[in-house]
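Participant: Read top to bottom, the protein sequences are chains A and B.
Each step along the first sequence adds one to the number in the working numbering, with nothing skipped, and position 133 is 117.
Each step along the second sequence adds one to the number in the working numbering, with nothing skipped, and position 57 is 146.
Every residue gets a Cβ at the ideal spot worked out from N, C-alpha and C, and that includes glycine.
Predicted model, so just to flag it, every value in this text is computed and none were measured.
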Amino acid sequence: MNTEQLIQSLSQNVRPVPRRALGRRIGLGLASGAIVTMALVASLLGIRPDLHQAMHGFSFWMKWIYTASLGIGAVFAVARLGRPTPGPLRGLWLLGIPVLLLAGIGIGELAVTPSRDWLAMWLGVSWKVCPWLVLTLAMPIFIGLLWSFRRLAPTRLRAAGATAGLAAGAWAATIYCLHCPEVSAIFVLTWYSLGIVLAAGAGAVVGPRLMRW
Amino acid sequence: MQVSEAQLKTWMTEGLDGDAVAHAALLRALVPLLRAFYRRRLRGADDDVEDLVQDTLIAVHTRRASYDRGRPFTAWLYAIARYRMIDHFRRRKMTVPIEDVEAILTIEGFEDAANAQMDVDRLLAGLSPKQARAIRDTHIDGLSIAEAASRADIGESDVKVSVHRGLKALAARIKGEWS
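1) What is the rounded straight-line gap between the Cα of A:F171 and the Cα of A:L150?
2) Any beta carbon of chain B sitting closer than 8 Å to that of A:L194?
3) So which residues of chain A does B:Y107 contact, with C-beta pairs closer than 7 Å?
4) Between A:W45, A:L6, A:P2 and A:G13, which has its C-alpha nearest A:P124's C-alpha?
5) Just how far apart, CA to CA, sit A:P68 and B:V110?
6) If you reduce the DSSP assignment to three classes, tell me which class A:P68 lands in.
7) Runs of 4 residues minimum, wholly inside the stretch 129 to 169 of chain B: which ones carry the alpha helix (DSSP H) assignment?
8) Identify whether B:S233 lies in helix, strand or coil by the three-state DSSP scheme.
9) Whole-angstrom Cβ separation of A:A152 and A:F126, contact assumed at under 8 Å?
10) Taking the alpha helix (DSSP H) that A:Y160 belongs to, which residues open and close that run?
11) Report the CB separation of B:S269 from B:A223 in whole angstroms; it is logged as a contact under 8 Å.
12) Kindly list, in the order they appear in chain A, the residues whose Cβ is closer than 7 Å to that of B:H150.
13) Report back the beta-carbon spacing between A:A143 and A:L129 to the nearest angstrom; my notes put them in contact at under 8 Å.
14) The alpha helix (DSSP H) that contains A:H36, what's its start and end?
15) Since B:L119 contacts B:L166 with CB under 8 Å, what's their CB separation in whole angstroms?
16) To the nearest whole angstrom, what separates the beta carbons of A:P0 and B:G107, a pair I think is in contact under 8 Å?
17) Between which two residues does the alpha helix (DSSP H) holding A:Q(-11) run?
18) Shorter than 8 Å from the beta carbon of A:G66 to some beta carbon of chain B?
19) Applying the criterion that 16 or more other CB atoms from any shown protein chain within 10 Å of the CB defines a buried residue, is A:K112 buried or exposed?
20) Among residues of its own chain, excluding the 5 on either side of A:A63, which ones have a beta-carbon nearer than 7 Å to its beta-carbon?
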């Protein structure tokens, strides 16, 4: 096909692109993936039966705020990397704030707990499965974000893959909170974060391959 | 013909709002820019150049949601063009001989040069055609006063006066834009 024919065929169907198209596209991919993840949690793992009571407690909100703030920060980075000129990503250091806050709570917890109980508090009942569940539950959200990127123009594919993985992991962890009965800050700080970091690492590995255009 | 950044951006914005005519005008105006961009980097591979130009036009069309209306259009365009070129090299498993790296690096200034070119064109467009031509011939294309005079078929003093008055007008205009 010659270039003029190409231009004519491309200009035949010019659909309007709204101002916030990029944000909408990412939001849609994220939400579709999150719905699948939520369905998986509800059907395979089960929502914790005491969710209603838990929502009145501190630890549930601590977990939720921790994972959701990581998720929000990561989504901002994803939106930046969806453009071909993302600029510097120094703002990602802000993600250290929730980690430090949670670490602070964890130290407080350790201080008021007798040291013979520390190990039990750290490992909880689900440390062996928690990171892997978070990683698995991140997959639908990551796939949703891959769909978003099909209309975007990432040029730093490894960074885009890593932040998409980070966002997917953090939101998967947020949804996983609906099932997970753990209460301690150091549990969340270790095993949730491990799952989220695994998701980010997996994203960095597959990003250059799957986000190529 | 060089089209200004402002014009490209206007067409892009109108295209984003659904104006097919502006969108086609934008894509057409991009063809010479992209050809020049790729030709300088892939010497002698004209088929590849045309493939890359078409790939980039398709990317500009399908991935236009990634353009931020508040930012310069050409920066977005050349970022896409550069990515398409790197991907092209990767696809062909092409390697660049080390002697050519220097040449490629010097060409990397092309985008800035192209943008500067647009600014110059925009400024010169505000002068009378005779003054603009005299300045272009003597200060940009590097002709002597005599060569410029014979090319434009006017007297040498006429060229000198046109250059002088033209530059003065430009200086006044730039000062006005900045203050």
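Facilitator: This is what the structure gives:
1) The count along the first sequence starts at 1 and reaches residue 171 of chain A at position 187. The count along the first sequence starts at 1 and reaches residue 150 of chain A at position 166. Cα-Cα distance, rounded: 19 Å.
2) Sequence index remark: in the first sequence, residue 194 of chain A carries index 210 (1-based). Chain B contact via Cβ: absent.
3) In the second sequence, counting from the first residue as 1, residue 107 of chain B sits at position 18. According to the sequence as given, residue 107 of chain B is Gly; it is not Tyr. Going along chain A in sequence order, the residues near B:G107 (Cβ under 7 Å) are V(-2), R(-1) and P0.
4) Translated into the one-based positions of the first sequence, residue 124 of chain A becomes position 140. Closest option to A:P124, Cα to Cα, is A:G13.
5) Working through the first sequence from its first residue, we reach residue 68 of chain A at position 84. Working through the second sequence from its first residue, we reach residue 110 of chain B at position 21. Going by the C-alpha atoms only, they are around 25 Å apart.
6) Walking along the first sequence from the start, residue 68 of chain A turns up at place 84. In the structure shown, A:P68 sits in coil (DSSP, three-state: anything other than H, G, I, E or B).
7) 135 to 151
8) Here residue 233 of chain B is taken as the residue at index 144 of the second sequence, counted from 1. Note: B:S233 maps to coil in three-state DSSP.
9) The count along the first sequence starts at 1 and reaches residue 152 of chain A at position 168. The count along the first sequence starts at 1 and reaches residue 126 of chain A at position 142. Yes, A:A152 and A:F126 are in contact; Cβ-Cβ is about 4 Å, under 8 Å.
10) As a working note, residue 160 of chain A is residue 176 in the first sequence. That run of the alpha helix (DSSP H) goes L141 to Y160.
11) There is simply no residue 269 of chain B to check, as chain B begins at 90 and stops at 268 in what is shown.
12) As a first step, residue 150 of chain B is located in the second sequence; it is residue number 61 there, counting from the start. Correct list: L(-6).
13) As a position in the first sequence, residue 143 of chain A is number 159, starting the count at 1. As a position in the first sequence, residue 129 of chain A is number 145, starting the count at 1. In fact, because the Cβ distance is near 13 Å, the residues do not count as touching under 8 Å.
14) Mapped onto the first sequence, residue 36 of chain A falls at position 52. L35 to A38 is the span of the alpha helix (DSSP H), which, as asked, contains A:H36.
15) Taking the first residue of the second sequence as 1, we reach residue 119 of chain B at position 30. Taking the first residue of the second sequence as 1, we reach residue 166 of chain B at position 77. Between B:L166 and B:L119 the Cβ distance is about 7 Å, and since that is below 8 Å, they are a contact.
16) Position 16 of the first sequence holds residue 0 of chain A. Position 18 of the second sequence holds residue 107 of chain B. Yes, A:P0 and B:G107 are in contact; Cβ-Cβ is about 3 Å, under 8 Å.
17) As a working mapping, residue -11 of chain A is identified with position 5 in the first sequence. Looking at the DSSP string, the run of the alpha helix (DSSP H) that includes A:Q(-11) is T(-13) to L(-6).
18) Within the first sequence, the letter at position 82 stands for residue 66 of chain A. Cβ-Cβ to chain B under 8 Å: yes for A:G66.
19) On the first sequence, residue 112 of chain A is found 128 positions in, with the first residue counted as 1. A:K112 is exposed by the Cβ-count criterion.
20) Locating residue 63 of chain A in the first sequence gives position 79, counting from the first residue. These residues qualify, in order along the chain: L6, G7 and I10.
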